[in-house]
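First the structure, in the form of structure tokens, and then the observations on it.
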Amino acid sequence: MRDFKKFDVWQLSHQLTLKIYTSTKNFPNEEIFGLISQIRRSFASIGYNISEGSGRNSDKEFANFINIALGSSNEAENQLILAKDLGYINETDYQNLLTELTILKKKLVTLWNRLNGN
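Per this note's numbering, residue 8 is the first one in the sequence shown, and the count goes up by one each step.
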């Protein structure tokens, strides 16, 4: 069994999730059940899938969960764009979060390729 906490991708996703929770604290209250909930869930889902997949018995199963985490990272990016365009996140915070998310996505692809023997 793998220890998900030792994976760089999990550590990055966890830190990014903490940052998105902080960033969304100042969103309008009317977004509590809308964008706040959605963006937090999509960022958290990245780490959830990494941790769940790490407990699977084969590299193939783990790779499937890494692929799902990658999908969640794309969803998170879309919601980040929406938050910026709605004026809920300033340009600097958006760029910083997007840069970190892009790094995470690249690392997820690298891990997926490694697990699939590519």
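Yeah, the Cβ is synthetic: ideal placement off N, Cα and C, and Gly gets one too.
Boundaries of the alpha helix (DSSP H) harbouring L77: D66 to D92, taken from the DSSP string. Counting of Cβ neighbours within 10 angstroms places I27 among the buried residues, the total reaching 16 or more. Taking a cut-off of 8 angstroms on C-beta distances, the region 16-23 touches the region 101-109, as three or more cross pairs fall below it. A distance below 7 angstroms between beta-carbons, with the five flanking residues on each side excluded, links F11 to the following residues of its chain, in chain order: W17, I57, S58 and S61. The shortest CA-to-CA distance from Q86 to any of N123, S65 and R48 is the one to R48. Cβ-Cβ separation between T24 and F40: approximately 19 angstroms, too far for a contact (criterion under 8 angstroms).
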